[in-house]
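First residue of the sequence shown? That's 113 in this note's numbering, and the numbers climb one at a time after it. Ideal Cβ placement from N, Cα and C applies to all residues, glycine included. So the structure is just underneath, and the comments pick up after that.
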Amino acid sequence: MTYWGHRARRGAVVLRGMAVCAVLALACTLACGVPGARAAQGADGSVRQAMAPARDAVSQDAASQSAARKAAADEAEAPAAGPAASAPAGPELRIGFSTSSLPYVDMVNKSGLEPRLVAAALGRSGYRVVPVFLPHARALELVRKGTLDGCGPVGRHTDVAGLALGDMYLQYRNVAVSLEAAGLEINALADLRALPVTAFHNARVFMGPDFAAMADANPRYEEQVDQRAQVEAFFHRRDRVIVLDERIFAFHRTRLAARGVDEPVRIHRIFPAQDRFFVFRDPTVRDAFDAGLRQLQESGEYRRMVR
């Protein structure tokens, strides 16, 4: 063996010896100074092994949920829905409600007077109501297509041909509201023809043909979907009359007053009370709703809910 071969062999032996010493030193340290370290290392390895499939499962679950959400959206053609509060565990009904009419409908919390009332009435027959929030016209379209089981509110003048109309469940009391400072005398529908008027969305349909004729003859007539914005703009713009349900106006006015936005107003009760209904695809469900509504009225629960 050459000189350099002997040198390399001796070097390898030295390195192996150093490695053995290092391992022995580490073993002593773990045994004497860090009790339980090996257990911690083992646990850490187990956690890493467990986390790998868990991460894969989370990724797969996220992908599955994304696909499910897309499929549900394609199928329903409507915004996401959620179960009404305290609903019974029974056959599920997808019921359409409006998108912006506090206190009747609370879209954010999937609640409000109307979802609670419908859920309570249908719950008497074991149904579970899942509210879906979307515009009236779209809701009726989806009931006809079979995507929704029912929707509301609808008025007497709404075209519900081919569907099952339930009993009147509530009366809306629409009013005209003006600022006291404006000094307006509004005693009849005709008095609105020459005034700037902002009504709720689809008022032409809900308020009947005479109101629709006034709206068509008034170049300063407009409608607004967001009734919170309708009431707020009324106090800021000062030059308009608003037409909306008296409960809705009182609700939003109270909230605005808490922010310091309020003025004396005149409530012009020039419209008759408007009956409101729910419409259903299946007459059997309609009958269950009507029966449940009667039971709520007879028990006094209905009065407590709508006061």
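Cβ neighbour criterion (16 or more within 10 Å) applied to residue i
i: VAL220; result: exposed
i: ALA293; result: exposed
i: ASN299; result: exposed
i: SER210; result: buried
i: VAL244; result: buried
i: ALA199; result: Because ALA199 sits at a pLDDT of 45, beneath the cut-off of 50, its placement in the model cannot be relied upon, and the point is left open.
i: ARG231; result: Looking at the sequence provided, one finds Ala at residue 231 rather than Arg. By the 10 Å Cβ count, ALA231 comes out buried.
i: ARG349; result: exposed
i: LYS257; result: exposed
Spatially closest choice to residue i from the options, by CA coordinates
i: PHE361; options: ALA341, ARG371 and ASP351; result: ALA341
i: ASP394; options: GLU344, ALA249, ALA273 and GLU334; result: ALA273
i: ASP357; options: LEU229, ASP374, ARG388 and HIS269; result: ARG388
i: ASP351; options: LEU229, ALA385, PHE312 and LEU307; result: LEU307
i: ASP328; options: GLN336, ASP338, PHE347 and ARG305; result: ARG305
i: TYR239; options: GLY320, ARG316, GLU204 and ARG228; result: GLU204
i: GLN336; options: ARG206, ALA325 and ARG316; result: ARG316
i: GLY66; options: ARG285, LEU254, ARG256 and THR259; result: The question about residue 66 has no answer here: the residues shown for the chain are numbered 113 through 419.
i: PRO215; options: PRO331, LEU408 and ARG367; result: ARG367
i: LEU408; options: LYS222, THR259, ARG236 and ARG256; result: ARG236
i: ARG419; options: ILE207, ARG206, GLY202 and GLY224; result: GLY224
i: ALA288; options: GLY295, ASP322, MET280 and LEU301; result: LEU301
i: GLY262; options: ARG365, PHE363 and ARG206; result: ARG206
i: GLN386; options: ALA370, PRO331 and GLN283; result: GLN283
i: ILE382; options: VAL373, ASP303 and LEU254; result: ASP303
DSSP-derived helix/strand/coil call for residue i
i: PHE383; result: coil
i: ARG378; result: strand
i: LEU260; result: coil
i: ALA315; result: helix
i: ARG250; result: helix
i: PRO203; result: coil
i: ALA288; result: strand
Proximal residues to residue i (C-beta, below 6 Å), its chain only, five neighbours per side dropped
i: PHE401; result: ALA233, LEU234 and GLY278
i: LYS182; result: Because LYS182 sits at a pLDDT of 38, beneath the cut-off of 50, its placement in the model cannot be relied upon, and the point is left open.
Same chain only: Cβ atoms within 7 Å of residue i, ignoring 5 sequence neighbours per side
i: GLY154; result: Low per-residue confidence applies at GLY154: pLDDT is 44, beneath 50, and the placement is therefore not dependable, though the value from the model is reported in the following sentence. So no residue of the chain qualifies.
i: ASP399; result: none
Any beta strand (DSSP E) of 3 or more consecutive residues that is wholly inside the stretch 293–355: Counting whole runs of 3 or more residues, the stretch 293–355 contains the beta strand (DSSP E) stretches 309–312 and 333–336.
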